[in-house]
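Okay, so here's the structure we're looking at.
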Amino acid sequence: AKRRDLLGLKAFPVGQSGRKFYSLSIIAPVQLTGVVKPALIANGASVLNVSSKDHHSAAFEPSNMQGEHSYSGYDAYVRSKLFNIMFTIDSACCVRSNSLDPEVITTKLIHAGWSLAGDELPVSGEEVNKTVIEIAKNSWNGEYFENICLARFSLVAVAATARREFTELTGEMLRRFRL
């Protein structure tokens, strides 16, 4: 039970798909980064958030952040990737943070939800490793990468008003549930 509490799952009924997904995909990275932030700063370490080029198709709907009004697995996925990028941009002022789309990696979710074929983990793992090394060498901060290439954020992700609202709503949720 304590492990679930750390990830913020105690705050949401597990049966509500949108809220569970939001807890795991958004709240957990925000909370974990907050916990380790002093150590990251002290050691010159950085955060690499996993995102997806599909974040370009996500809309920022504050009233439906957790699928309160409508829920689809794909919409939840792309919103979570958008939020990871928004969090990366805002975190970059304090801790070196970047986002990476490692391309399609074969997972149970890919097979079950989309029936897509992707790279087996060792193949994509090599590309991810190359990107991580390049990010470290170049001291990039607040950037988004698709594989080894520097890429552009969606217009929604760079909208300061949307990022501020996302940060306020996430902070409110963390305070409300004392996470």
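Going by our numbering, the first residue of the sequence shown is number 1456, and it counts up by one from there.
For every residue, glycine included, the Cβ atom is placed at its ideal position computed from N, Cα and C.
Residue i (DSSP reduced to helix, strand or coil)
i, result
"Asn1602", "coil"
"Glu1516", "coil"
"His1524", "coil"
"Leu1614", "It should be pointed out that residue 1614 corresponds to Ala in this sequence rather than to Leu. Reduced to three states, the DSSP call for Ala1614 is coil."
"Ala1494", "helix"
"Ala1591", "helix"
Identity of the residues DSSP links to residue i by a beta bridge
i, result
"Asn1584", "Bridge partners of Asn1584: none, in fact."
"Ser1554", "Asn1504 and Tyr1599"
Residue j beta carbon less than 8 Å from that of residue i
i, j, result
"Ile1590", "Leu1503", "yes"
"Thr1586", "Phe1600", "yes"
"Asp1545", "Ser1506", "no"
"Val1550", "Lys1492", "yes"
"Ser1552", "Gly1597", "yes"
"Ile1481", "Ser1535", "yes"
Backbone CA spacing between residue i and residue j [nearest angstrom]
i, j, result
"Val1485", "Phe1542", "8 Å"
"Arg1458", "Leu1495", "Residue placement at Arg1458 is poorly supported in this model, since its pLDDT is 35, which falls under 50; the coordinates still yield a value, given next. Using only the alpha carbons, I get a separation of about 22 Å."
"Lys1465", "Ile1588", "In this prediction, Lys1465 scores a pLDDT of 39, lower than 50, which makes its location untrustworthy; the coordinate-derived value is nonetheless stated afterwards. Taking the straight line joining both Cα atoms gives about 36 Å."
"Arg1618", "Ala1612", "7 Å"
"Lys1592", "Glu1523", "42 Å"
"Pro1517", "Thr1616", "12 Å"
"Asp1530", "Ala1513", "7 Å"
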